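Peer 1: Here it is, the structure in full.
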Amino acid sequence: MRLATGPSSARVRPEALTFADVPTELRPSNWRQWLRKVTKADIREALGSGIEKSRAREMAVGDLQGAAYCAWLADHDLTTPAGRPARGWDSTSLARWEDSL
Numbered sequence: 000m001r002l003a004t005g006p007s008s009a010r011v012r013p014e015a016l017t018f019a020d021v022p023t024e025l026r027p028s029n030w031r032q033w034l035r036k037v038t039k040a041d042i043r044e045a046l047g048s049g050i051e052k053s054r055a056r057e058m059a060v061g062d063l064q065g066a067a068y069c070a071w072l073a074d075h076d077l078t079t080p081a082g083r084p085a086r087g088w089d090s091t092s093l094a095r096w097e098d099s100l
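Below is the structure:
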């Protein structure tokens with residue numbers, strides 16, 4: 000498994016990844032770019048439950064962007080055996096890092 004460190008790590012090896020390595024399109028601030036990728040199929044269930052279209056689209060964006068982020072993490076051996084982000088690499092930690100810039 001590749002060593003991964005968040006931005007507050009005191010020990011960083013040259014091969015270690017940081018949040019700065021996360022592609023810009025996967026960062027929380029870029030959620031709007033994912034709106035164009037949302038399809039009717041992505042929001043059908045939410046609409047059927049009475050959720051407003053704009054909220055359903057935002058929910059779908061979160062799912063699409065989250066799945067892409069998890070795929071990137073998996074490509075870099077930063078997921079648990081269950082496919083969840085490794086400790087310190089969850090989307091909330093990424094958002095906090097991005098907000099600190």
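Residue 0 is where the sequence shown starts when you use numbering that gives the first Met the number 0, and the numbers rise one by one after that. Cβ atoms here follow ideal geometry from the backbone N, Cα and C, with glycine treated the same way. These figures come from a predicted structure and were not determined experimentally.
(1) Check for me: the alpha helix (DSSP H) holding TRP71 runs from which residue to which?
(2) Which residues in the same chain as TRP30 place their Cβ atom closer than 7 Å to its Cβ, once the five residues preceding and following it in sequence are excluded?
(3) Check for me: the alpha helix (DSSP H) holding ALA15 runs from which residue to which?
(4) Would the segment 14-28 and the segment 36-53 be scored as touching if the rule is three or more Cβ pairs under 8 Å?
(5) Please return the same chain residues whose Cβ sits closer than 7 Å to the Cβ of MET0, not counting the five positions on each side in sequence.
Peer 2: In terms of the structure at hand:
(1) For this step, residue 71 is matched to residue 72 along the sequence shown. If you look at TRP71, you'll find it in the alpha helix (DSSP H) that goes 52-74.
(2) Position 31 of the sequence shown, counting from 1, holds the residue named residue 30. Hits under 7 Å: VAL60 and GLN64.
(3) Reading the sequence shown from its first residue, position 16 is the one you call residue 15. The continuous stretches of alpha helix (DSSP H) do not include ALA15, and DSSP gives it neither H nor E.
(4) No, they do not touch.
(5) Mapped onto the sequence shown, residue 0 falls at position 1. Per-residue confidence for MET0 stands at a pLDDT of 43, beneath the threshold of 50, marking its modelled position as unreliable; the derived number appears in the next sentence. Only ASP76 meet the Cβ criterion.
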